[in-house]
Amino acid sequence: MSKVGIELIVFEQSSNIGGMWNVDIKPCWNSIRTNISKFSIPLSDYSWPKNAPIFPIVNINYLNHKWIVEYSNKSNKILSEQYDFIIVASDFFNCRYIPENIIDLSLFK
69 MSKVGIELIV FEQSSNIGGM WNVDIKPCWN SIRTNISKFS IPLSDYSWPK
119 NAPIFPIVNI NYLNHKWIVE YSNKSNKILS EQYDFIIVAS DFFNCRYIPE
169 NIIDLSLFK
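This is the structure in structure tokens:
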């Protein structure tokens, strides 16, 4: 992107880089949003409507199609900046893994 003139700013949530490979972080979250299919996330007291998309979504309302990012610097001062675009680049989903021994995998939609 920088080769075509797009200025990049990278934010890291942790005080160290490495994500899930950072040994200073426990591999568990206080909360998490899922991006897996409705077949993988059924709830005991709620079933998805038959016409629900495979990957249910919620519409997000944007303010003038901009993103406001709040973050803290090394001095723990909270800062806020507005961006035209954001890219979430979490390495967790970088390599896909599909087990070979799933029966009738080709029938799954």
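Residues 69 to 177, numbered by this note's numbering, are exactly what the sequence shown covers, in order.
Cβ atoms here follow ideal geometry from the backbone N, Cα and C, with glycine treated the same way.
| Query | Result |
| --- | --- |
| Pick from I104, S143, F79 that is closest to A157, judged by C-alpha positions | F79 |
| Option nearest L76 by Cα separation, candidates I170, D152, S174, S143 | D152 |
| Residue from F123, N119, D113 whose Cα sits closest to the Cα of N103 | F123 |
| Alpha-carbon to alpha-carbon, S105 and F176 | 12 Å |
| Inside the segment 132 to 176 only - beta strand (DSSP E) runs reaching at least 3 residues | 135 to 140, 146 to 151 |
| 6 Å CB neighbourhood of W135 in its chain, flanking five on each side removed | Y151, I154 |
| Spatial distance of N144 from I74 (CA atoms) | 28 Å |
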